[in-house]
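To start, the structure under review is shown below, and the notes come after it.
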Amino acid sequence: MEAVKEMKQMLYEELELITRTTANLLEKIAPEDWDFRPQENMRSLKELACHLVAIPAVDLLILQEKSQEEVHELEAQIEAGENRHAWIQSMQSGVEELKQYMDNLSDEDFLQRKTKPFYLDHGTVQAKWLIEIVTHAQHHRAQLFTYMKTKGYDVNMFDLY
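Going by the numbering used here, the sequence shown opens with residue 2, and the numbers climb by one from there.
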């Protein structure tokens, strides 16, 4: 089905845009600001950055029905990255792994096959998972942008495109 291929391609392009603009935002953050936390009950800038860059790879594990322990292990591995360049590389690698997984699905599996994450009692089809991963990354990139604005960084809407 050509339409399925086109839909995947559009979602990949959006995820690649999110990855590229996330990398650009991360490059602007001064080392002394990684501990910035807008409120006590919110993630620090570093925690948010690590969560954001982990989304493609971590969400892929989740949709592949991996255990909570396996997911936490990958998150810890990404957080242990020594610097923003390691985090950016993790996000780029995660996107490539996700694309490879999705491209290896038949159209029928992409549209019909459900997988169940460890935290829910119902499954979700692979196409919806891909959409969810894009929106999840988009959400946290916007959160990163807001943290940076709050901290006084010179960022604007052009940093998101």
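Each residue gets a CB set at the ideal place from its N, CA and C atoms; glycine is no exception.
Between the alpha carbons of H137 and I79 lies a distance of about 17 Å. Excluding sequence positions up to five before and after W130, its CB lies within less than 8 Å of the CB of D60, L64, T116, all in the same chain and listed in chain order. Scanning E74, T23, Y120 for the CA closest to the CA of Q93 turns up T23. When C-alpha distances from E7 are compared across D108, P57, D160, L121, the shortest belongs to D108. In summary, Q101 is exposed, with fewer than 16 beta-carbon neighbours lying within 10 Å of its beta-carbon over all protein chains present.
Between I19 and V54, the CB-CB gap reaches or exceeds 8 Å.
The beta-carbon distance between I56 and L46, rounded to whole angstroms, is 16 Å. This is too long to meet the 8 Å contact definition.
With respect to the 8 Å criterion, V126 and R114 are classified as neighbours on the basis of their beta carbons.
At the C-beta level, I132 and L12 come within 8 Å of one another.
With contacts defined as CB atoms closer than 8 Å, H86 and H141 fail to qualify as a contacting pair.
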